[in-house]
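Numbering (our numbering), first residue to last: 426 to 878.
Structure below.
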């Protein structure tokens, strides 16, 4: 088995990539680190060498004064101001804390692109039952089927002390995001001139994997249920996508259905995955780019390159503010960076390259995964010529009353076409909220009924 990688803060990337091992459980001595050296889900508990990344103190799991459950998540740090702002003029001072994609944004849009850098606040937190399940998973979880089957894990993070790239991405895929939620997803494909059309989507999700006290056998091989209904514009209204995401994709691949209101028929949709175009994305997003990455891993070889310190979008309460109209966030060539917040955090770096004999629109991707939340916060995406093609950012924040981290928005920049896509925005919609769905809500028959209303 490949030895486990451990890189202390400030040492940069590992010199050797970690490949996929056959089994990945840790022993009890290693798992004990989750009680002392590491956070309960596997981040380094201590500060970095110069203190610019503080020690984790339990995160943000208490709502600020005045917050009412169900209302929009207000900024718990209203007095925070940028410590400094990175621009084309001072870029060289911060290159070692930026990704290839971020550096290219400065190259392409140096007159307007900025990165406001704030104090690092390690706000991530989860409920205690997630911590307890993660500790148990550490000594029982493993991967089968060349990384496509998750075994011996449920509820918590499966691999808090990861040994390879597969494990890091699985941690992202099954991280806690409540048990079931309803959110509004507004999507904007922005042209080179800054023009855009709005697509409004309601999304209901049940995270069956995350339930407290269950066993893997209780899941019936389904880790989450997803129902998406497009409500605007009129030409797309009534389009429905239903997905049952599987835990063992060797045993059973993702199951998906689409309802087309013009045909008034619900059809199986095996093309909902991989590099097929995402819903109403104008070709700027593949299906597996939703939530930064989702779905099967089998078209890529995955390598864990190590850990580094990097400036990533974080605590994006201002971006999520209901006081901002969508037009105030959407710039001509990129987001209005004035409203963004970047912080220095430690991230796991995972590289994915297309396997020989298979194919994907993206030949290589580099993922930057927050050590605290296992949220993918940034992705560099390369074409078949080896050129940087697209980059992806997730601007995330804590739902401090739950608690878990979620995206205020996701943005994908097409560096070659000069266009970009923003989705998962909800500034002018109701806040995402816990929801109760009956046992038949995510069945194909119900999707058909919803479509025919």
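Just so you know, even glycine gets a beta-carbon here, dropped at the ideal spot from N, CA and C.
From a predicted model like this one, the values you see are computed outputs, not experimental measurements.
So if DSSP puts residue 567 in a beta bridge, which residue, or which two residues, is it bridged to? Bridge partners of residue 567: 576.
Three or more C-beta pairs under 8 Å: does that hold for the stretch 846 to 860 against the stretch 599 to 609? yes
For residue 732 versus residue 679, is the C-beta spacing smaller than 8 Å? no
Where the beta strand (DSSP E) through residue 589 begins and ends: First-last for residue 589: undefined, no H or E at that position.
In angstroms with no decimal places, state the Cα-to-Cα distance between residue 867 and residue 650. 6 Å
Which partner residues of residue 683 appear in the DSSP bridge assignment? 666, 692
Contact test: residue 502 Cβ vs the ligand FAD heavy atom, cutoff 7 Å: Summarising the ligand content, the structure contains no ligands, and the ligand FAD is consequently not present.
At which residues does the beta strand (DSSP E) containing residue 410 begin and terminate? As displayed, the chain neither begins before 426 nor continues past 878, which places residue 410 out of reach and without an answer.
On a Cα-Cα basis, can you pick out the residue from 530, 877, 779 that is closest to residue 684? 877
By DSSP, does residue 446 sit in helix, in strand, or in coil? With a pLDDT of 46 at residue 446, under the threshold of 50, the predicted position of this residue should be treated as unreliable, and no value is reported.
Return yes when the Cβ of residue 795 is within less than 8 Å of the Cβ of residue 464, no when it is not. no
For residue 520, does the three-state DSSP call read helix, strand or coil? DSSP places residue 520 within a helical segment (H, G or I) once states are collapsed to three.
Ignore the nearest five residues each way along the sequence and tell me which others in residue 574's own chain have a CB closer than 8 Å to its CB. Beyond the five residues adjoining it in sequence on each side, residue 574 comes within less than 8 Å, by CB distance, of 568, 672, 673, 674, 675, 676 in the same chain, given in chain order.
Within the same chain, show all residues whose beta-carbon is closer than 6 Å to that of residue 870, passing over the 5 residues directly before and after it, in chain order. none
Own chain residues within Cβ distance below 7 Å of residue 481, not counting five before or after: 464, 468, 470, 547, 797
Would you mind stating whether residue 563 and residue 456 have Cβ atoms separated by less than 8 Å? Cβ distance < 8 Å, so residue 563 and residue 456 count as in contact.
What does the Cβ neighbour count give for residue 447, buried or exposed, with the cut at 16 atoms within 10 Å? Residue placement at residue 447 is flagged as unreliable, the pLDDT there being 48, under the threshold of 50; the coordinate-derived value follows with that caveat. So residue 447 counts as exposed.
8 Å CB neighbourhood of residue 787 in its chain, flanking five on each side removed: 700, 711, 779, 806, 807, 808, 814, 815
From the DSSP output, read off the bridge partner residues of residue 621. BP columns for residue 621 point to 615.
Look at the Cβ atom of residue 603, then the Cβ atom of residue 829, and state whether they are nearer than 8 Å. yes
When you compare each of 484, 561, 721, 622 to residue 450 by their alpha carbons, which one comes out closest? 561
Quick check: what's the CA-CA separation for residue 839 versus residue 504? 34 Å
Going by DSSP in three states, residue 861 sits in which element: helix, strand or coil? coil
For the stretch 688 to 699 and the stretch 630 to 650, state whether three or more C-beta atom pairs, one from each stretch, are separated by less than 8 Å. With the cut-off at 8 Å, the stretch 688 to 699 and the stretch 630 to 650 do not touch.
Can you tell me whether residue 539 is buried or exposed? The criterion is at least 16 other CB atoms within 10 Å of its CB, across all chains shown. buried
Residue 669 versus residue 642 - alpha carbon distance: One C-alpha to the other measures close to 16 Å.
Out of curiosity, what's the CA-to-CA distance linking residue 637 and residue 738? 30 Å
State the Cα-Cα distance for the pair residue 686 and residue 657, rounded to the nearest angstrom. 13 Å
Using three-state DSSP, classify residue 869 as helix, strand or coil. helix
What ranges does the alpha helix (DSSP H) occupy inside the stretch 708 to 786, keeping only unbroken runs of at least 4 residues that lie completely in it? 751 to 754
From 494, 466, 744, residue whose alpha carbon lies closest to that of residue 832: 744
Start-to-end residues for the alpha helix (DSSP H) that takes in residue 454: Under the DSSP assignment, residue 454 falls in the alpha helix (DSSP H) whose first and last residues are 453 to 456.
Report the partner residues of residue 850 according to the DSSP bridge assignment. In DSSP, residue 850 forms a bridge with 611.
Could you tell me whether the stretch 577 to 589 touches the stretch 552 to 560, where touching means 3 or more Cβ pairs closer than 8 Å? yes
From the DSSP output, which residues share a beta bridge with residue 605? 631
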